[in-house]
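Shown next, in structure tokens, is the structure this report addresses.
In this note's numbering, the protein residues as written are 4 to 461.
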């Protein structure tokens, strides 16, 4: 969590809509520009200034030892727009939005779209290059595993430390202490230094502190993906409760199911700009359009620690390239096949295929019954779904791979779409409703059921 001290109120010059909840987050022309190289842009934090200052000193020393034969151009950077484009990276480009109290705003987009940068600006970890953020209330943020935790302190001490950072009294933290520990499920390790915690334990404790110390605004990044499925469900339930209690949540995720389940509105970021802000169904559909060309930039779609060593470069559905949605007859099997390349040998590996409908995972299949070694070089993997399994409708495919124990993984969501046609099949009973088809039927017994016999007293 980050300091959430009391921020200046939003100016009254922005008239609220009659009957609408007050705005607690307002971003106005928010821009974050990073300079490529050693020069230091205005608006950096102390840590960034120190880091880039050291880099600049080293560069000057190298130039003194081996001066460049070419004269240095003295034209001010800002006077040459072409130089600005070449030497700067715009993580966010003039975005503006409001979030009213009690709303859950989802933020989605490809890797590098600016999602995490936006949360860092909202939580005041770094300052914008231009524009401003106005916040009303105390802010708690969960952006990276272990952010705001002192590694040498125990879990118990870090709970009190984070409470103090949020501006809470020791008594307030003590009143919430038992609920935090119970939610995080770390009671056995409460007095262990957190540097010895696993990433899952870190996330459980960090989320428990952020959610239970009652900040008015809660900012959450993709870190929930580290936890197991049961913990993720518990977190989603807690965030529902937070929003229903009148507090505000900004939630960044690649999990379209969680986004549609939790959020009131969803923002789609693309290239540092707002592409769409709309209801979840519309925004997710737009995101799927943007990610349809994932082969051109696979690094912007896949995530996870295995991504830099293994990449996927092709996906086919029934031998049809997945760039165009496939239409499949109910009687057909569904063949899913991917191609990829491993930059190095990966031990104990499996490829994962998952099929979703309306954000709900229907099934997962693997290319091998058990994790096996994947040699370096190109590879293909495939699975086959039986005919007459899926009911008519639209589906999305997610693919990835992982090492045994799930410590190393790569995962890409919503990479292809296919439709099971509304076609008659003798295996379909039209009144059997649901997401999957169950051929056959049960049974019925018309015989009278004899009443239970009373035990005879001895």
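Backbone N, C-alpha and C fix where the C-beta goes; we use that ideal spot for every residue, glycine too.
Determine the DSSP secondary structure at residue 138, reduced to helix, strand or coil.
strand
Out of 28, 238, 93, point me to the one whose CA is closest to residue 106's CA.
28
Could you say which of 244, 313, 334, 35 lies nearest to residue 118 if we only look at CA atoms?
35
With three or more C-beta pairs closer than 8 Å as the rule, is the region 133-145 touching the region 215-226?
yes
Under DSSP, the beta strand (DSSP E) around residue 198 begins and ends at which residues?
Where residue 198 is concerned, there is no enclosing beta strand (DSSP E), given that its DSSP letter is neither H nor E.
Using DSSP's beta-bridge definition, name the partner residues of residue 385.
340
If you draw a straight line from the alpha carbon of residue 176 to that of residue 166, how long is it in whole angstroms?
Each residue's Cα considered, the two are about 6 Å apart.
Count the other CB atoms, across all protein chains shown, that sit within 10 Å of the CB of residue 254; report buried if there are 16 or more and exposed otherwise.
buried
Here's the rule I'm using: 16 or more other beta-carbon atoms within 10 Å means buried, otherwise exposed. How should residue 441 be labelled?
exposed
Could you give the distance in angstroms between the alpha-carbon of residue 223 and the alpha-carbon of residue 181?
Straight across, the Cα-Cα distance linking residue 223 with residue 181 is about 22 Å.
Can residue 154 and residue 198 be called in contact, C-beta distance under 8 Å?
yes
Could you tell me which of 95, 38, 26 sits nearest to residue 32, measuring between CA atoms?
95
Could you tell me which of 102, 161, 367 sits nearest to residue 267, measuring between CA atoms?
For the residues 102, 161, 367, the minimum Cα distance to residue 267 belongs to 102.
Out of 174, 160, 265, 313, point me to the one whose CA is closest to residue 348's CA.
Residue 313 holds the alpha-carbon nearest to the alpha-carbon of residue 348 among 174, 160, 265, 313.
State yes or no: is the C-beta of residue 331 within less than 8 Å of the C-beta of residue 421?
yes
With distances taken between CB atoms, is the gap from residue 353 to residue 370 smaller than 8 Å?
yes
Tell me whether the region 378-396 and the region 334-342 touch, counting them as touching only if at least three CB pairs, one residue from each stretch, are closer than 8 Å.
At 8 Å Cβ cutoff, the stretches touch.
Start and end of the beta strand (DSSP E) containing residue 132?
Premise fails: residue 132 is in no beta strand (DSSP E) and is neither H nor E.
Go ahead and pull the three-state DSSP assignment for residue 95.
strand
Taking the alpha carbon of residue 275 as the point to measure from, which residue in 321, 187, 37 has its own alpha carbon closest?
37
Could you tell me which of 413, 133, 125 sits nearest to residue 93, measuring between CA atoms?
It is 133 whose Cα lies nearest to the Cα of residue 93.
Could you check which residue in 189, 186, 213, 194 has the C-alpha nearest to that of residue 170?
213
CA-CA distance, residue 345 and residue 419?
Taking the straight line joining both Cα atoms gives about 22 Å.
Round the Cβ separation of residue 333 and residue 395 to the nearest angstrom and send it over; I've been treating them as touching at under 8 Å.
Their Cβ separation, rounded to whole angstroms, is 7 Å, which keeps residue 333 and residue 395 in contact under 8 Å.
When DSSP builds the beta bridges, which residues end up paired with residue 103?
For residue 103, the beta-bridge partners assigned by DSSP are 26.
If you reduce the DSSP assignment to three classes, tell me which class residue 264 lands in.
helix
Go through the region 396-423 residue by residue and report every complete run of the beta strand (DSSP E) that reaches 3 residues or more, in order.
396-406, 412-423
If we call anything under 8 Å between Cβ atoms a contact, is residue 439 one with residue 398?
no
Give the single residue among 407, 391, 362 whose Cα lies nearest to the Cα of residue 373.
407
Of all the alpha helix (DSSP H) runs that stay within the bounds of the region 139-189, which reach a length of 4 or more residues?
158-168, 173-187
Near residue 193, what residues of its chain come up, given a Cβ to Cβ distance below 8 Å and the 5 sequence neighbours on each side ignored?
157, 158, 159, 184
Does the beta-carbon of residue 45 have 16 or more other beta-carbons within 10 angstroms, so that it is buried, or is it exposed?
For residue 45, the predicted model reports a pLDDT of 46, less than 50, meaning its position is unreliable; a value from the coordinates is still stated below. When all chains shown are included, residue 45 counts as exposed.
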